Structure formats: structure tokens, C-alpha cells
Amino acid sequence: SAKSAGRNRYCFYSQEMAAHTNERLLLEQGLRYAIEEKQLSVLYQPQVELANGQIFGVEALLRWQHPELGMVPPDRFIPIAEESGVIDSLGRWVLERACRDIAGLRNAAGEQLRLAVNVSAREFRREDFIQTLSETLAQTGFPAGALEIEITESTLQVIERSIEILGALKRLGIAVSIDDFGTGYSSLSILRDLPIDRIKIDRSFITHLPEKKDGVAIVKAMVALAGSLHMAIIAEGIESPEQAAILRQLGCDGGQGYLFSRPVAHPALTLLLADTPDPH
Ligand code: C2E
Ligand code: MG
Ligand code: MG
Ligand code: MG
Numbered sequence: 535s536a537k538s539a540g541r542n543r544y545c546f547y548s549q550e551m552a553a554h555t556n557e558r559l560l561l562e563q564g565l566r567y568a569i570e571e572k573q574l575s576v577l578y579q580p581q582v583e584l585a586n587g588q589i590f591g592v593e594a595l596l597r598w599q600h601p602e603l604g605m606v607p608p609d610r611f612i613p614i615a616e617e618s619g620v621i622d623s624l625g626r627w628v629l630e631r632a633c634r635d636i637a638g639l640r641n642a643a644g645e646q647l648r649l650a651v652n653v654s655a656r657e658f659r660r661e662d663f664i665q666t667l668s669e670t671l672a673q674t675g676f677p678a679g680a681l682e683i684e685i686t687e688s689t690l691q692v693i694e695r696s697i698e699i700l701g702a703l704k705r706l707g708i709a710v711s712i713d714d715f716g717t718g719y720s721s722l723s724i725l726r727d728l729p730i731d732r733i734k735i736d737r738s739f740i741t742h743l744p745e746k747k748d749g750v751a752i753v754k755a756m757v758a759l760a761g762s763l764h765m766a767i768i769a770e771g772i773e774s775p776e777q778a779a780i781l782r783q784l785g786c787d788g789g790q791g792y793l794f795s796r797p798v799a800h801p802a803l804t805l806l807l808a809d810t811p812d813p814h
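When you read off a place in the sequence shown, starting at 1, and then add 534, the result is the number in the UniProt record's numbering.
This is how it looks when you write it as C-alpha cells:
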């Protein structure tokens, strides 16, 4: 009957919701122990100059190996970490780990390697954000001039406070890039009003290159925009040689994506850097 079907449907949804809530709780509670239980690690994805394939930097990407759930993707646990506040300690952990790893590599190879670290909105707005950054740089010996933080357009929504924080970063010599560029709401006013060093074209604009003509036009416009505002530009999610070729043609400086390398652990990165010929 309709009545029992309705009841069944109700049960079905409530079970599904309960399962969802349970998993969320499991993740939220698990995150609190992830650091001390040594379940976290950092992978590094190379960022290359499209002109010659030379690696100029790496992006640090957090990984969480949960004891029961296995590898939990950051798109699942970062939003939960943000809401629950655990992101503050996760963010400090990633920054310190990455600065140590990459400082060691720079010393060993005499590299000019840059390090990009993702910073979420909550971390960015913390009173002690700048202090945490400068303390970590001092403790790890990582040079401020080689550090870049990646934030999204939505993080910069509160303009007055953002101007303050970006000014402090600038004084320290830390660069700032806009991640997932083109997917937010107020791209252009942010570029006009704030001191940004680099824009990262979101993967969604790269995926369908070069088949989609509109895609080419948009990327072309972004490259021109970055050029006239004296900002660097890098394309995310490059998977094919055709995509790299068209981006090069359009004058895009940098690239990142599976074509060049997947995100790799520190030992594999060391090998990758040793394998890449130095053009200088
Ligand atoms: P994101 O910062 O935009 O990072 C790029 C994502 O694209 C990474 O996913 C990377 O593995 C993936 N990617 C790179 N090249 C390709 C490609 O050619 N094809 C495809 N399909 N994907 C590619 P990942 O590592 O899963 O991270 C997802 C997001 O989680 C990141 O997006 C970032 O927003 C967030 N995240 C990761 N680590 C951290 C962290 O330490 N702190 C914070 N706050 N957020 C982080
Ligand atoms: Mg990023
Ligand atoms: Mg991105
Ligand atoms: Mg993203």
C-alpha cells in the first residue's frame, strides 16, 4: 500500500541519513587522533615551466590513511576539519612537514625549488596565522621567498581583513596564489584590489581543451589578464600533451598535472628531481 511504501521510504532515508551522520562523526573524531596516530602524510606534485618541462616548485597535498576507511580523499575530510576546527592543527602539521622535507631537498640539490601549501579560509583568518608561518619558517630554516600559499577566491571575500593579511605576507616575502581560479564569484575585483602573485587556472577549464572552442577563449583571456596585471599563471590538471601544447601556445607559463607527475611522496620526489636535467 501507499502507506507502507511511504513508511519504507521514510525508513530508507532515515537509515541513509544515519549512516551519513555516523561516517561524518567517525571522520570528525578520527581526525582528532590522526596526527598523533601518524595517519597523515604529505605528497608533493611538481609544478613545471611549460616551455621546457623544468620543475620550479611543488604543491604539498595532504593524505589521510584511516585505519578502517582506508585512504580518505582531502575533498572529503578538509571541509569537516574546517567546520570542526581541527584544520588548525592539520594545517600547522602540513606546513611544518612540507617545510622540513623541501628545505632538506633544497640543501641537498642546491635547488631553487619553491613550495606551495594550501591554506583554508579558517586558517587564513586566524589571529595567529602570520605568527605561525614565521615561527615555522624560523624552526625549519625554510626561506620565506620560496614559500607560496594557495587560497581560493572565497577565502578573500572579507576584503579589508584580506588586505591586512596579504600585506603581512608580502612583508615576509611569502607569495600568494589563487587556487581553482575561475570557479569563484568575484574573481576580477579580487585581482584588482589585492596583491596576488599567481593565478591557478582551475582544472575544469583544462579538462576539455582543446575540443571546446569556448574553453580556449576563456583560458586565453585568463592568460592575458594575468599578463597585464603582472601576475604569474599556472594551469592545473594537465593530463595530455595536446593540453600542454595548446597552453604553451596561449602563453601560459606554468603547468601542473598527471602528464608531468602525480603527487608523490618525499623519496620519490627526490628521485624525480635528480632525473630532471638542469638547463642552467
Ligand atoms: P587543489 O589544491 O586544487 O589541488 C589539486 C588537486 O588536483 C589535487 O587533489 C591533485 O591531486 C589533483 N590533480 C592534480 N593533477 C591532476 C590531474 O592531472 N588530473 C586530475 N584529475 N586531478 C589532478 P587532492 O590531492 O585530492 O586534493 C584535493 C583538494 O584538497 C585540494 O585541491 C585542496 O583544495 C585540498 N587540500 C589538499 N591538501 C590540503 C592541505 O594540506 N590543506 C588544505 N587546507 N587543503 C588541502
Ligand atoms: Mg592547491
Ligand atoms: Mg586547485
Ligand atoms: Mg581544489
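Positions of the beta carbon are idealized from the N, C-alpha and C atoms, including for glycine.
These numbers come from a predicted model, not from an experiment.
Would you mind sorting residue i into buried or exposed? The rule is 16 or more other CB atoms within 10 Å of its CB.
i, result
"Ser738", "exposed"
"Ala808", "exposed"
"Tyr567", "exposed"
"Val757", "buried"
"Ala799", "exposed"
"Gly789", "buried"
"Gly604", "exposed"
"Ala632", "buried"
"Ala536", "Only weak support is given to the placement of Ala536: the predicted model assigns it a pLDDT of 47, under 50, and the value that follows is read from those uncertain coordinates. So Ala536 ends up on the exposed side."
"Ser696", "buried"
What are the start and end residues of the alpha helix (DSSP H) that includes residue i?
i, result
"Lys704", "Ile693 to Leu706"
"Arg610", "Pro608 to Ser618"
"Thr686", "Per DSSP, Thr686 belongs to no alpha helix (DSSP H); it is in the beta strand (DSSP E), Leu681 to Thr686."
"residue 482", "Outside the shown range of the chain (535 to 814) lies residue 482, about which nothing can therefore be said."
I'd like the span of the beta strand (DSSP E) that includes residue i, first residue to last.
i, result
"Arg648", "Arg648 to Asn652"
"Arg660", "Taken as a continuous stretch (DSSP letters only), Arg660 belongs to no beta strand (DSSP E), as it is neither H nor E."
"Pro580", "Leu574 to Glu583"
"Ala593", "Strictly speaking, residue 593 in this sequence is Glu, with Ala absent from that position. Ile589 to His600 is the span of the beta strand (DSSP E), which, as asked, contains Glu593."
Please list, in chain order, all residues of the same chain as residue i whose beta carbon is under 6 Å from its beta carbon, the five residues on each side excluded.
i, result
"Lys734", "Ser711, Asp713, Phe715, Ile768 and Glu770"
"Asp787", "Ala766 and Ile767"
"Gly785", "Val757"
Cutting at 7 Å between CB atoms, please list the residues of its own chain near residue i, excluding the five before and the five after it.
i, result
"Gly679", "Gly707"
"Trp627", "Ile569 and Leu574"
"Phe658", "Ile685, Thr689 and Ile699"
"Glu776", "Pro744"
Taking 8 Å as the limit between beta carbons, can you name the residues of its chain near residue i, skipping five residues before and five after?
i, result
"Ala702", "Ile664"
"Val592", "Tyr578, Gln579, Pro580, Gln581, Ile636, Leu647, Arg648, Leu649, Ala650 and Leu803"
Residues with a Cβ closer than 5 Å to any heavy atom of ligand 2, in chain order?
Result: Asn652, Glu684 and Asp713.
To test your reading of the DSSP string, which unbroken alpha helix (DSSP H) runs of 4 or more residues are found completely within the stretch 707-793?
Fully contained in the stretch 707-793 are the following alpha helix (DSSP H) runs of length 4 or more, in chain order: 721-727, 737-740, 747-762 and 775-783.
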